[in-house]
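**Student:**
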Amino acid sequence: MNALKPTTLAGLVEAVRGVERLRVEGGRTKPGLLRGDGAVLSLGFLRGVVEYDPGEFTFTALSGTPVAEVAAMLGERGQHLPFDPMLLDAGSTLGGMVASGLSGPGRLRHGGVRDFILGARMVDGLGRLLRMGGKVVKNAAGFDVPKFMVGSHGRHGVLGEVTFKVFPRPAARMTLRLRAPGIREAVGILLEAARSRFDFEALDVWPGSRDVMARLAGPPEALGPMAIEVLSRWPGECMDGGEAGTRWAGLRELGWVRGGMSVARVPCTPGHVAGLLDHVADMHLMSAANVALVSFEPGAVRGRLEKWMKTQGLRGMLLRGDGRMWLGASCPMGVEEAVRRALDPLGRFGGPGDPDEGHDGNE
Amino acid sequence: MNDGVAVRRLAALLPPGRVLREPAHLAAYESDGLTAYRQRPLAVAIPETQAEVVALVRLCAELGLPFVARGSGTSLSGGSLPVAGGIVIALNRLNRILEVNPVERWALVEPGVVNAHVTAAAAPHGLHYAPDPSSQTICTIGGNVAFNSGGAHCLKHGMTANHVLGIKAVLATGEVVELGGASREVAGPDWCGLFTGSEGLFGVALEIRLQLVPVAERFHTVLAGYRTLEQAGEAVAAVIGAGLLPGAMEIMDALALEAAVAAVHAEYPPGCEAVLIVELEGPREVVEADRARLGPVLAASGPVAIRVARDAAERMAIWKGRKSAFSAVGRLSPDFIVQDGVVPRQRLGEALRCIGEMSGKVGLRVANVFHAGDGNLHPLILFDGREAGALERAEALAGRILRMCVEMGGSITGEHGVGVEKREYLPEMFGPDELDAMRRIRAAFDPGGLSNPGKMLARGEAPSLQHAGLHPLERAGVITRE
Ligand SMILES: Cc1cc2nc3c(=O)[nH]c(=O)nc-3n(C[C@H](O)[C@H](O)[C@H](O)COP(=O)(O)OP(=O)(O)OC[C@H]3O[C@@H](n4cnc5c(N)ncnc54)[C@H](O)[C@@H]3O)c2cc1C
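Chains as they are written, first to last, in my numbering: chain A, 263 to 625; chain B, 14 to 495.
Written as structure tokens, this is what we have:
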């Protein structure tokens, strides 16, 4: 069946109303999230910036708008989404970014996708175009449905348009590589650095490395003196700006993932890092050990990883690869199904019977 | 349902003395920070443990008994106003800080913990809890979560929702759920984000995990006085436009200044009609560099005077004046309504001008104290409740201000919530489909409509509230309140 490709919000409503069951795709950058049966609703053509007033520090755009386009637009005015949106070159869309809840390394300092979304126009399972949240930076009226849509993987509604707040972009950045003999020491540095006075923009451990990558950001004249002090506290060196930029861009695009590997996003705490590393092929540890992007071989390796995750109460979400979208522990709540039914009573976006909805389906 | 049965069952759950029934005891719970509304509950239950709260909510579910969770009752929108025939679950005794984890930077607290106590517990570790409502020395984390409360430092740090990592709650159905966790990220929908700001309509939060952040190494707090309110508003736009991200930007107008002077002996430059507070924060090198950029921007904004806090004491004095402003206005007028609305930041000047005109037209004084960086207005409408029709005129003006916010593309509340006060205005921001979707979500958490019914969502729900207005004795001028 051909994909439905609405180009307007009205077209989106019509498309949703016209089918009994559908699955949404954006830029196809996280195919692990595209599954289920039913018609394919492609949002790649529902694109364009609806409103951008730099003085307001907010923008509104259709959900199929490539994040790269938005980043370029903001960049021209010295602004940015401070959580380093991922997969820009790969073509990720705003809607996909929200539905996957995927933030990048910069989420450390000011928060992630959930902390910057202000409003959304979405089509619910009854085919109604709803305007939830607001367009101003502060709004406490009504339930915060836009936040709930972050990480909702398209199961509660189709995003048509989103509004975000943005921040001024720091004038300069500097990446420091802090040497750690092993992962435990690296985690120790991450935790100390996250509590330090330096207000790091990112604190990551890069794949294939045990070193901590600490990124400072701010006025150029401030960074040099801070870097010297950081390096006197933890051994390491300042990376060349060009090289650092290339490396961060590589991380952003998941360039480190070897062919044939599945990729998942696993929220975690520092205590989980060493164990997690034992069960995966490679790992990009982000945000002072609050979330890991892990790559692993599908099949038996995934099975062992999931088994371990369950013992730890860890739950992850597949970004690339086959198999169930959820990994690891499940947290069944009665209210979960009730809320899904409230927004999608007819099961248009997948419901009972959807292989991903089963809570404990082992591979 | 038979009230007698409900009370007997309640009394069986809690020891004597922790179920209040006497009118004299109930009086303290009849109202919250929005004192124009008043309702006597059937009873007040005072649990001391999470298990007791769960048992109470399950009993309510069984009996179909409405309940209202209550923290410190400082809600300014009638959020913790009791429901006729229902009970109040007073959570002040669930006030344990269960754990402070300085390494992972979070605190696990019970809902009755006072906001400022979290920061006090984190302080020895160089950490703090960022959301700082002006009421922070009394309001509770449970109330903050219910209202997604903000504070002066939202501009950079965000609201309560941006700092809640996990919530354990008993839903109105009696189901106990754990939302979020110890990580700053979650897989799956953002349940904590949905619960935060739900105004007590889903159930009762039992345990909340809050993110802690390092206390900034350096602050640079500037107070700039302006001849007009508009100039102060323009200065805000200029600071933001310069690419600076201050921790806070607050404005007080002449009337608010007068109040702060009277209440806490704050001192402000003479001859100014408005004061802007800008606070930079961060590592010392960053603050020094930003300070060098802020200086010329402020100088160019036409201030009458600029004062820089030279030390922590001077900084605290500036903030004391600002944070006391709400209560201080009480000294200027027997009664006042605190309004809370949001406009796009660039339309602040225009909004303030409109408010000035509207206030002139109806002959009521309005003081303005607000979170300028966020476009979050707090007009305080002064009136004398003993004057016939004064409350109605004040409420009408408050309503017009809210409509103006909506017309400008803003919001009817930035942080005080909808509560009872603004439920009639919610339909001005959201259409019938949106409201229906919210009702459906609410019903998913609370099919019986028992948890804080009649708040946020108007009508279509079981017990409705009566607008009691002023207490009869107040109306008669026998007693007054402040
Ligand atoms: C002088 C003054 C200054 C203020 N300044 C600010 C400010 O700067 N910023 C701001 O945002 N607000 C401000 N407020 C408003 C108020 O303090 C906040 O809304 C605060 O969060 C309320 O906390 P509380 O403990 O008093 O809650 P309450 O008033 O007792 O309850 C508020 C709501 O929370 C619900 N609730 C309470 N506990 C729970 C729980 N455990 N689970 C579920 N629901 C619960 C109640 O049912 C009610 O709907 C101010 C109020 C005053 C009086």
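Built from N, CA and C at the ideal position, the CB exists for glycine as well.
Suppose contacts are defined by Cβ-Cβ distances below 8 angstroms. Is L356 (chain A) in contact with V329 (chain A) by that definition?
**Tutor:** Contact flag set, yes.
**Student:** Terminal residues of the continuous beta strand (DSSP E) containing F396 (chain B)?
**Tutor:** F396 (chain B) -> beta strand (DSSP E) spans 392 to 396.
**Student:** Based on Cα-Cα distance, which residue from B:W332, B:N381, B:R335, B:G369 lies nearest to I350 (chain B)?
**Tutor:** When each option's Cα is compared against that of I350 (chain B), the closest is B:N381.
**Student:** Start and end of the beta strand (DSSP E) containing I102 (chain B)?
**Tutor:** Element bounds for I102 (chain B): 100 to 103.
**Student:** Can you pull the chain B neighbours of N401 (chain A), defined as C-beta to C-beta under 7 angstroms?
**Tutor:** Chain B residues near N401 (chain A): V355, S424, G427.
**Student:** Does C530 (chain A) get closer than 8 angstroms to chain B when you measure Cβ to Cβ?
**Tutor:** It does: the Cβ of C530 (chain A) has a partner Cβ on chain B nearer than 8 angstroms.
**Student:** Can we count D459 (chain B) as close to ligand 2, meaning its CB is less than 7 angstroms from some heavy atom?
**Tutor:** Summarising the ligand content, the structure contains ligand 1 and does not contain ligand 2.
**Student:** Just tell me which of A:T573, A:G590, A:K572, A:G609 has its CA closest to the CA of L580 (chain A).
**Tutor:** Nearest of A:T573, A:G590, A:K572, A:G609 to L580 (chain A), Cα basis: A:G590.
**Student:** CA-CA distance, K333 (chain B) and V274 (chain B)?
**Tutor:** Going by the C-alpha atoms only, they are around 11 angstroms apart.
**Student:** Answer with yes or no whether the minimum CB distance from E61 (chain B) to chain A is below 8 angstroms.
**Tutor:** For E61 (chain B), the answer is no, since every Cβ of chain A falls outside 8 angstroms of its Cβ.
**Student:** With a cut-off of 8 angstroms, does the C-beta of S325 (chain A) fall near any C-beta of chain B?
**Tutor:** For S325 (chain A), the answer is no, since every Cβ of chain B falls outside 8 angstroms of its Cβ.
**Student:** Cβ of F349 (chain B) versus every heavy atom of ligand 1: is any distance shorter than 7 angstroms?
**Tutor:** Because no heavy atom of ligand 1 lies under 7 angstroms away, the Cβ of F349 (chain B) does not count as near it: no.
**Student:** Can you pull the DSSP bridge partners for K427 (chain A)?
**Tutor:** Its beta-bridge partners are A:T320.
**Student:** Give a yes or no on whether the minimum CB-CB distance between Q149 (chain B) and chain A is below 8 angstroms.
**Tutor:** No - not a single Cβ of chain A is within 8 angstroms of the one on Q149 (chain B).
**Student:** Along chain B, which residues have their Cβ under 7 angstroms away from the Cβ of A600 (chain A)?
**Tutor:** Residues of chain B passing the Cβ test: A457.
**Student:** How about V252 (chain B) and L168 (chain B): are their beta carbons less than 8 angstroms apart?
**Tutor:** No, they are not a contact pair.
**Student:** Classify P268 (chain A) as helix, strand or coil using the three-state DSSP reduction.
**Tutor:** Here P268 (chain A) sits in coil by DSSP.
**Student:** Are G423 (chain B) and F405 (chain A) close, meaning C-beta to C-beta below 8 angstroms?
**Tutor:** Not in contact: G423 (chain B) and F405 (chain A) (Cβ atoms no closer than 8 angstroms).
**Student:** What does a CB cutoff of less than 8 angstroms around R31 (chain B) pick up in its chain, not counting 5 residues either side in sequence?
**Tutor:** Once the five neighbours on either side are set aside, the close Cβ partners of R31 (chain B) are A58, I59, P60, E61.
**Student:** P482 (chain A) and A434 (chain A): beta carbons closer than 8 angstroms?
**Tutor:** Result yes, Cβ atoms of P482 (chain A) and A434 (chain A) sit closer than 8 angstroms.
**Student:** K233 (chain A) CB to nearest chain B CB: under 8 angstroms?
**Tutor:** An answer regarding residue 233 (chain A) cannot be provided, because it is not within the stretch 263 to 625 covered by chain A.
**Student:** Applying the criterion that 16 or more other CB atoms from any shown protein chain within 10 Å of the CB defines a buried residue, is V18 (chain B) buried or exposed?
**Tutor:** With fewer than 16 other Cβ atoms within 10 Å, it is exposed.
**Student:** If we define contact as Cβ-Cβ less than 8 angstroms, is E318 (chain A) a contact residue for chain B?
**Tutor:** Judged by the 8 angstroms Cβ criterion, E318 (chain A) is in contact with chain B.
**Student:** Let me know if E474 (chain B) comes out buried or exposed under the rule of 16 or more other beta-carbons within 10 Å of its beta-carbon.
**Tutor:** Low per-residue confidence applies at E474 (chain B): pLDDT is 44, beneath 50, and the placement is therefore not dependable, though the value from the model is reported in the following sentence. E474 (chain B) should be labelled buried.
**Student:** With DSSP as the reference, please indicate the residues paired to E263 (chain B) in a beta bridge.
**Tutor:** For E263 (chain B), which the question treats as bridged, DSSP gives the partners B:I290, B:H384.
**Student:** Check whether the Cβ of E212 (chain B) lies closer than 7 angstroms to any heavy atom of ligand 1, and answer yes or no.
**Tutor:** Indeed, a heavy atom of ligand 1 lies less than 7 angstroms from the Cβ.
**Student:** Taking 8 angstroms as the cut-off, does the stretch 139 to 150 of chain B touch the stretch 396 to 412 of chain B (at least 3 CB pairs, one atom from each stretch)?
**Tutor:** Touching, no, given that fewer than three Cβ pairs across the two stretches are closer than 8 angstroms.
**Student:** Between A:V519, A:G389, A:G306, which lies nearest to G609 (chain A) when the distance is taken from Cα to Cα?
**Tutor:** The residue with the shortest Cα to Cα distance from G609 (chain A) is A:G389.
**Student:** Mind reading off the beta-carbon distance from V278 (chain A) to V385 (chain A)? Whole number of angstroms is fine, and I expect it under 8 angstroms.
**Tutor:** Right, the Cβ-Cβ distance comes to about 5 angstroms (below 8 angstroms), so this counts as a contact.
**Student:** Can you pull the DSSP bridge partners for Q224 (chain B)?
**Tutor:** Beta-bridge pairing links Q224 (chain B) to B:W119.
**Student:** Going along chain A in order, which residues have a C-beta closer than 8 angstroms to the C-beta of G139 (chain B)?
**Tutor:** Per Cβ cutoff of 8 angstroms: R457.
**Student:** So what does M394 (chain A) bridge to, in DSSP terms?
**Tutor:** According to DSSP, M394 (chain A) bridges with A:A382.
**Student:** Kindly indicate which residue of B:V249, B:Y281, B:K336 has the alpha-carbon position closest to the one of P357 (chain B).
**Tutor:** Taking only the C-alpha atoms, the option nearest P357 (chain B) is B:V249.
**Student:** Buried or exposed, going by whether 16 or more other CB atoms sit within 10 Å of the CB of E420 (chain B)?
**Tutor:** The residue in question, E420 (chain B), is exposed, as its Cβ has fewer than 16 Cβ neighbours within 10 Å.
**Student:** Quick one: what's got a C-beta closer than 6 angstroms to G86 (chain B)'s C-beta in the same chain, skipping five residues either side?
**Tutor:** Excluding positions up to five away in sequence, the list reads D45, S93.
**Student:** Of the residues that make up the stretch 240 to 260 of chain B, which ones have a beta carbon closer than 8 angstroms to any beta carbon in chain A?
**Tutor:** Flagged, chain order: A250, I253, G254, G256, L257, L258.
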